[in-house]
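As structure tokens, the structure follows; a few thoughts come after it.
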Amino acid sequence: MERIDPHEAAKYTEYTLTLLDGKVRDELEETVTMSPVRYRSEYTDRFVEEGLRKGLFRVLELRGIVLSAEDRRRIKECRDQEEIERWYERALAVSTAEELFRD
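In the UniProt record's numbering, the protein residues as written are 1 to 103.
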């Protein structure tokens, strides 16, 4: 499937919503706003991962934890959001980069 520009996607979504009758539109909006399921896509995951990485680097910097070039590469190349989240949580308590990556 071809990727759609986010601005174009917003236009398509708004147009689609205008085609729905009031009751169906209200039900859809209620479902979307009340749903505990987080919208995920490759597009959104990429930005979430990038934000987590930036935050992780910042926390490590502020805590004075020195990263080697290999450590930085490992973080930058990681595409597993759960792994990045684990590192982020560990970064709040560890004293060294070795502790950060310890399994």
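Idealized CB from N, CA, C, for every residue including glycine. Since the structure is predicted, the reported quantities are computational estimates derived from the model, not experimental observations.
Please identify the residue among Glu70, Arg102, Pro6, Val59 whose C-alpha is closest to the C-alpha of Thr44.
Pro6
Under the three-state DSSP convention, the category Ile84 falls into
helix
Give the C-beta separation of Ala91 and Asp71 to the nearest angstrom, bearing in mind that I take them to be a contact with Cβ-Cβ under 8 Å.
Not a contact, Cβ separation roughly 12 Å.
Under 8 Å by Cβ, that's how I've got Arg79 and Glu49 pegged, so tell me the actual separation to the nearest angstrom.
7 Å
For Leu56, which of Ala10, Tyr88, Phe101, Glu99 has the nearest alpha-carbon?
Tyr88
With DSSP collapsed to three states, give me the class of Gly64.
coil
For Ile4, does the count of other Cβ atoms within 10 angstroms reach 16, so buried, or fall short, so exposed?
exposed
Residue from Ala93, Ser95, Glu83 whose Cα sits closest to the Cα of Asp103:
Glu83
Going by other Cβ atoms of all chains shown within 10 Å of its Cβ, with 16 needed for buried, is Leu62 buried or exposed?
exposed
Using beta-carbon positions only, say whether Gln81 and Leu52 come within less than 8 Å of one another.
yes
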